[in-house]
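Trainee:
Protein chains: 2
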Amino acid sequence: MESNVHKISCPDCRLSDLCLPYGLQQNEVQQLATIVKNKRPMQVDEYLYLQGDACQNLYAVKSGSFRSFIADDNGNEQTIGFYLPGELMGLDALQHSRTTCSIIALETSTVCELPLLRLNELCSQMPSLQNQVMRIMGKGISSDHDKIIMLGHRTAKEKMATFLLMLSRRYAGLGFSSTVFNLTMSRQDIANFLGLSNETVSRLFTELSKDGVITVKQRGIQINNLATLKSIVKPCLPDDQLSFIA
Amino acid sequence: MESNVHKISCPDCRLSDLCLPYGLQQNEVQQLATIVKNKRPMQVDEYLYLQGDACQNLYAVKSGSFRSFIADDNGNEQTIGFYLPGELMGLDALQHSRTTCSIIALETSTVCELPLLRLNELCSQMPSLQNQVMRIMGKGISSDHDKIIMLGHRTAKEKMATFLLMLSRRYAGLGFSSTVFNLTMSRQDIANFLGLSNETVSRLFTELSKDGVITVKQRGIQINNLATLKSIVKPCLPDDQLSFIA
DNA sequence: ACTATGCCTTGATCTATATCAATAAAAGGA
DNA sequence: TCCTTTTATTGATATAGATCAAGGCATAGT
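Chains as they are written, first to last, in our numbering: chain A, 188 to 433; chain B, 188 to 433.
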């Protein structure tokens, strides 16, 4: 890992194909880069922002990963999603310029900050950027819909398989292995995200291991049989639509 | 009801405070009105669009109500949301110019069609419209998050109470009674939306009736005790955040 | 290296809600 | 109007997954 990943600017960023610059001309990317602020690295458990904070920015994950969640008055949390490199955080604050969830770093991570005011200005002058922002928001909405489907009408095992497949696809999109990866979140986080107890999550890992579908070593995951995993989720989504951990 | 509600233009529309024109100057609303197409009325069970359709428009509900849902390869549906007057449909198509869900009219309804291409052009010239579009998308995202919370970590009774409260608030926002209204969707639709069986939904209606919290007469609902209903949902959301049926 | 602390796993039991089954009540059509 | 079809209610039973409880492994700190 580059130790100063946080100083790289959009035109040189290896994520530019996934992130906001996707589809823009080179000179347009350069313009975009002028409004992007590179922030200092964040530590495990450090908050990007807290639920209810005033927020006039979007944030792109440059490295590492994050978890977003909403807490109620009793402190009960619901994990809303996980963010991997290239993904945009802060869309929830667009309504009132105030965040509706908290976001916490799951590991040492870096983000790029995009001031909304300047992003909007730039969008006015650059229709392709405007389109790209729209596309990304649309992606966020579809991925939330996928989560709604998963939570509403799936068994625990289907949820688990869906979760693993989704991570698999996301890592593959980043150029990493689609079958061997490390979970950056705890069992607790996974359980909460899937609307299950952590005991159930644990049992499902064991069950899938015994069946030889996956190999689990702590947070290390190896998928031995992608086809089986897909057959568990089977008819749920047309395969290309397992977007949803954004 | 005005029989030609579908011919009214934005500056004269009684929904303009809820819909896209909110916060715009009078002349700006007039400009917006020039790109809005009034469509002919739609009948019960008529589709606004089908999952997978090419779609380059947004649609605002002018009158009536709609249900959106995603179907898998087996034809199993998950209802994603219900739309009431003033609300925007079609955000799911922003990602690929292709819809990811189907939307069907629950009653005789009218919609306004907004071509995205022209809306984007107008946004470039009109920062306040651009902001408003962003706000509305932000609202869609937050309301999806509310649904995720509801589906992930609530009991059947909490879901039901949340559902009723949310409808109550939405109708109140439209200037209708917050305690007396008609459901435009079937028990089946509600059950599917909440991730419950329709038997459970039926039983919950009965239970809440017996406890005197509500009075149910077919699809007619009267809330007799808003406070009790809120106490069922109690610590879930800070009350002002029961946005989520959008 | 040793101990403490927090994950994670595994087992036993319980319960909320689904499922199955049978009416009952509306809505729609002839 | 009566008959058919759909939709809603109610009851009995089954079960997936939660909860309760205990023990095993790591990682981190001394």
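The beta carbon of each residue, even a glycine, is placed where N, CA and C say it ideally should be.
#1: Measure from the alpha carbon of A/R374 to the alpha carbon of each residue in A/F368, A/L383, A/V367 and A/D279, then state which is nearest.
#2: Given B/C206, which residues of its chain have a CB within under 6 angstroms of its CB, disregarding the five upstream and five downstream residues?
#3: Give the residues from the region 324-335 of chain B that approach chain A closer than 8 angstroms (Cβ to any Cβ), ordered along the chain.
#4: Does the region 223-230 of chain B come close enough to the region 280-290 of chain B to have 3 or more Cβ pairs within less than 8 angstroms?
#5: Please specify which runs of the alpha helix (DSSP H), each continuous and at least 4 residues long, are wholly inside the region 361-426 of chain A, giving them in chain order.
#6: Nearest to B/Q218 by CA position, among B/L235, B/Y236, B/Y234 and B/S196, is which residue?
#7: Quick one: give me the first and last residue of the alpha helix (DSSP H) that B/L219 is part of.
#8: Identify whether A/V231 lies in helix, strand or coil by the three-state DSSP scheme.
#9: What would DSSP say about B/T266, mapped onto helix, strand or coil?
#10: Am I right that B/I410 and A/H332 are in contact with their C-beta atoms under 8 angstroms? What's the rounded C-beta distance?
#11: Pull the bridge partners of B/F253 from the DSSP assignment, please.
#12: Please go through the same chain and pick out, in chain order, the residues whose beta-carbon is closer than 7 angstroms to the beta-carbon of B/L316, but skip the five residues on each side of it.
#13: Could you work out which residues of chain A lie near B/G382, taking near to mean beta carbons separated by less than 8 angstroms?
#14: Take the Cβ of A/T349 as the centre, count every other Cβ of all protein chains shown within 10 Å, and call the residue buried at 16 or more, exposed below.
#15: Please name the residues in the region 287-302 of chain B whose beta-carbon is closer than 7 angstroms to at least one beta-carbon of chain A, in chain order.
#16: Are B/Q265 and A/G327 close, meaning C-beta to C-beta below 8 angstroms?
#17: Within the continuous alpha helix (DSSP H) that includes A/L338, where are the two ends?
#18: Which whole-angstrom value describes the C-beta separation of A/L245 and A/L306, a residue pair presumed to lie in contact below a C-beta threshold of 8 angstroms?
#19: Who are the neighbours of B/A280 on chain A, taking C-beta pairs under 8 angstroms?
#20: Taking C-beta to C-beta, are B/L237 and B/S289 nearer than 8 angstroms?
#21: Taking only three categories from DSSP, how would you classify B/C299?
#22: If you compare alpha carbons, which of B/V320, B/E294, B/A292 and B/I291 is closest to B/L301?
#23: By how many angstroms is the C-alpha of B/E394 removed from the C-alpha of B/M372?
#24: Go through its chain and collect everything with a Cβ distance to A/G360's Cβ below 7 angstroms, but skip five positions before and after it.
#25: What whole-angstrom Cβ distance do A/K249 and A/L202 have, given they're in contact under 8 angstroms?
#26: Suppose contacts are defined by Cβ-Cβ distances below 8 angstroms. Is A/V231 in contact with A/C299 by that definition?
#27: Starting from the Cα of B/P208, find the closest Cα among B/I323, B/Q243, B/K194 and B/A241 and give me that residue.
#28: For B/V420, does the count of other Cβ atoms within 10 angstroms reach 16, so buried, or fall short, so exposed?
#29: Can you name, in chain order, every residue of its own chain whose Cβ lies under 8 angstroms from the Cβ of B/S389, other than the five neighbours on each side?
#30: Between which residues of its own chain and B/I267 is the CB-CB distance below 7 angstroms, once the five residues before and five after are set aside?
#31: Under 8 angstroms, Cβ to Cβ, is there at least one residue of chain B near A/N307?
#32: Tell me the DSSP secondary structure of B/Y246 in three-state form.
#33: For chain B, is any of its Cβ atoms less than 8 angstroms away from the one on A/S418?
#34: Measure from the alpha carbon of A/L271 to the alpha carbon of each residue in A/P198, A/R341, A/D199 and A/Y358, then state which is nearest.
#35: If we cut at 8 angstroms on Cβ distances, does B/I195 have a partner in chain A?
#36: Would you say A/C310 reaches chain B, if we count a Cβ-Cβ gap shorter than 8 angstroms as a contact?
Mentor: In terms of the structure at hand:
#1: A/L383
#2: Residues A247 and G273 of the same chain have their beta carbon placed closer than 6 angstroms to that of B/C206, with the five preceding and five following residues left out of the count.
#3: M324, G325, K326, G327, I328, S329, D331, H332, K334 and I335
#4: No contact exists between the region 223-230 of chain B and the region 280-290 of chain B.
#5: 374-381, 385-397 and 413-420
#6: B/S196
#7: Q213 to I222
#8: coil
#9: strand
#10: Distance from B/I410 to A/H332 at the Cβ level is roughly 29 angstroms; contact not present, criterion being Cβ atoms closer than 8 angstroms.
#11: B/Y270 and B/A292
#12: L211, E215, L219, L309 and C310
#13: L338, G339 and H340
#14: buried
#15: T287 and C288
#16: no
#17: Here the alpha helix (DSSP H) through A/L338 covers P314 to H340.
#18: Sure, about 7 angstroms apart at Cβ, within 8 angstroms.
#19: G325
#20: For B/L237 and B/S289, yes; Cβs fall inside 8 angstroms.
#21: strand
#22: B/V320
#23: 20 angstroms
#24: L205
#25: About 7 angstroms; that satisfies the 8 angstroms criterion.
#26: no
#27: Residue B/I323 is the option with its Cα nearest to B/P208.
#28: So B/V420 ends up on the buried side.
#29: R374
#30: S255, F256, I257 and C288
#31: yes
#32: strand
#33: no
#34: A/Y358
#35: no
#36: yes
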